[in-house]
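Here is the structure we will look at, set down as structure tokens.
Number of protein chains: 2
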Amino acid sequence: MSGIIQHINKAFDNRVRLGIMSVLMVNEKVDFKRLKQLLGVTDGNLASHIKALEKLNYIEVYKTFVDRKPNTSYSATRFGKEAFKKHIDALEKLIHQQK
Amino acid sequence: MSGIIQHINKAFDNRVRLGIMSVLMVNEKVDFKRLKQLLGVTDGNLASHIKALEKLNYIEVYKTFVDRKPNTSYSATRFGKEAFKKHIDALEKLIHQQK
DNA sequence: TTTATTAACTTTGCGTTGCAAAGTTCTTTG
DNA sequence: CAAAGAACTTTGCAACGCAAAGTTAATAAA
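Taken in sequence, the protein lines are chains A and B.
Going by this note's numbering, the first residue of the first sequence is number -11, and it counts up by one from there.
Going by this note's numbering, the first residue of the second sequence is number -11, and it counts up by one from there.
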């Protein structure tokens, strides 16, 4: 495939994954609950999208306990951040293309 | 559903449809062949995405003959352009969100 | 020590989407 | 009449998306 859409990353074509990465671009670490409330999705849905990003090595997981409760937080890897930046660049080029 | 991704338009989560709209935002009219070569997709695939955008009244179709050959061209409707702008706005807010 | 609660998943089920490839229709050109 | 081109439509199938229900582990409450 060639053309002006070839650098758009399919991993980010989904709103939830786009949202997760956007949040993790400006916040070093964000936990599950916070992500869930920021995005307004069900926990199962969020978990599956997180897993997809994890599988691609775009995000990392940290499991700890806070107040004696399990707490899982996430951060974007350098690789993930670069992939996201490239995606945004491609998006901007696509949107602001010239005739 | 609430949250920071709620204004992302699902119609534009797909690369091909995003590409079509992007092209039609800066070009008043573009024909099938040109779109196909710009996007680098198969004709069947392009046709199906065009149909989806048409169904939403985001684009209009003009069928004519050029050099005695059938020529179909497309343009974005005002409604489609507005929907697209809103989507881009939502994208920018999402991406450039603050902590 | 059973019971409840919370966090974070995982699984299930099912409808939707995406795409290539093949088939179709119409029209022109050789 | 055969071939070619434009623009679809259909087919088939794999991948995706999501809600809802089920699971596991730890802690808290009774």
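Glycine is no exception: its CB is placed at the ideal position from the N, C-alpha and C atoms.
Only a predicted model underlies this, so the values are computations on that prediction, with no experimental measurement involved.
If contacts are defined as beta-carbon pairs under 8 Å, then Leu26 (chain A) and Ile(-8) (chain B) qualify, I think. What distance do you get, rounded to the angstrom? In the first sequence, residue 26 (chain A) corresponds to position 38, counting from 1. In the second sequence, residue -8 (chain B) corresponds to position 4, counting from 1. At roughly 6 Å, the Cβ-Cβ gap stays under 8 Å, so Leu26 (chain A) and Ile(-8) (chain B) are in contact.
Contact residues within the region 16 to 28 of chain A, judged by C-beta distance below 7 Å to chain B: Leu26, Leu27 and Gly28
Secondary structure of Glu16 (chain A), DSSP reduced to three states: Within the first sequence, residue 16 (chain A) is the residue found at index 28, counting from 1. Residue state, collapsed to three classes: coil.
Considering only residues of the same chain and omitting the five flanking positions on each side of Val4 (chain A), which have a CB-CB separation below 8 Å? Position 16 of the first sequence, counted from the first residue, corresponds to residue 4 (chain A). Counting only Cβ-Cβ distances below 8 Å, and skipping sequence neighbours, we find Leu27, Val29, Asn33, Leu34 and His37.
With a cut-off of 8 Å on the beta carbons, I'd call Ala78 (chain B) and His(-5) (chain B) a contact; round off their distance for me. Translated into positions along the second sequence, residue 78 (chain B) becomes position 90. Translated into positions along the second sequence, residue -5 (chain B) becomes position 7. Correct: roughly 4 Å between the Cβ atoms.
Inter-residue spacing [alpha-carbon to alpha-carbon] between Asn2 (chain A) and Asp55 (chain A): Numbered from its first residue, the first sequence carries residue 2 (chain A) at position 14. Numbered from its first residue, the first sequence carries residue 55 (chain A) at position 67. Their Cα atoms are separated by approximately 34 Å.
Supposed close pair Leu41 (chain B), Ile8 (chain B) - CB separation, criterion 8 Å: Along the second sequence, one-based indexing puts residue 41 (chain B) at 53. Along the second sequence, one-based indexing puts residue 8 (chain B) at 20. So it is a contact: roughly 6 Å between Cβ atoms.
With a threshold of 16 other CB atoms inside 10 Å of the CB of Tyr50 (chain A), please say whether the residue is buried or exposed. Here residue 50 (chain A) corresponds to residue number 62 of the first sequence, with the count starting at 1. Flag for Tyr50 (chain A) reads exposed.
Please identify the residue among B:Glu80, B:Ile76 and B:Leu82 whose C-alpha is closest to the C-alpha of Ser10 (chain B). Position 22 of the second sequence, counting from 1, holds the residue named residue 10 (chain B). Among B:Glu80, B:Ile76 and B:Leu82, the Cα nearest to that of Ser10 (chain B) belongs to B:Ile76.
Asn45 (chain A) lies in the beta strand (DSSP E); which residues open and close that run? Working through the first sequence from its first residue, we reach residue 45 (chain A) at position 57. Looking at the DSSP string, Asn45 (chain A) is not in any beta strand (DSSP E), and its letter there is neither H nor E.
Give the straight-line distance between the Cα atoms of Leu6 (chain B) and Ser61 (chain A), rounded to the nearest whole angstrom. As a first step, residue 6 (chain B) is located in the second sequence; it is residue number 18 there, counting from the start. As a first step, residue 61 (chain A) is located in the first sequence; it is residue number 73 there, counting from the start. Spanning the two alpha carbons is a distance of roughly 32 Å.
Between which two residues does the alpha helix (DSSP H) holding Gln69 (chain B) run? Residue mapping note: residue 69 (chain B) aligns to position 81 of the second sequence, counting from 1. Sequence inspection shows Lys at residue 69 (chain B); the Gln mentioned does not correspond to that position. Element bounds for Lys69 (chain B): Arg66 to Ile83.
Here's the rule: buried if 16 or more other CB atoms are within 10 angstroms of the residue's CB, otherwise exposed. What is Val14 (chain A)? In the first sequence, the residue the question calls residue 14 (chain A) occupies position 26. Exposed is the call here.
is_contact[Asn59 (chain A), chain B] using C-beta, thresh 8 Å: Numbered from its first residue, the first sequence carries residue 59 (chain A) at position 71. It does not; no Cβ of chain B falls within 8 Å.
CA-to-CA distance, Leu12 (chain B) to Leu82 (chain A), given in whole angstroms: On the first sequence, position 94 is the one that residue 82 (chain A) refers to. On the second sequence, position 24 is the one that residue 12 (chain B) refers to. The straight-line gap from Cα to Cα measures roughly 11 Å.
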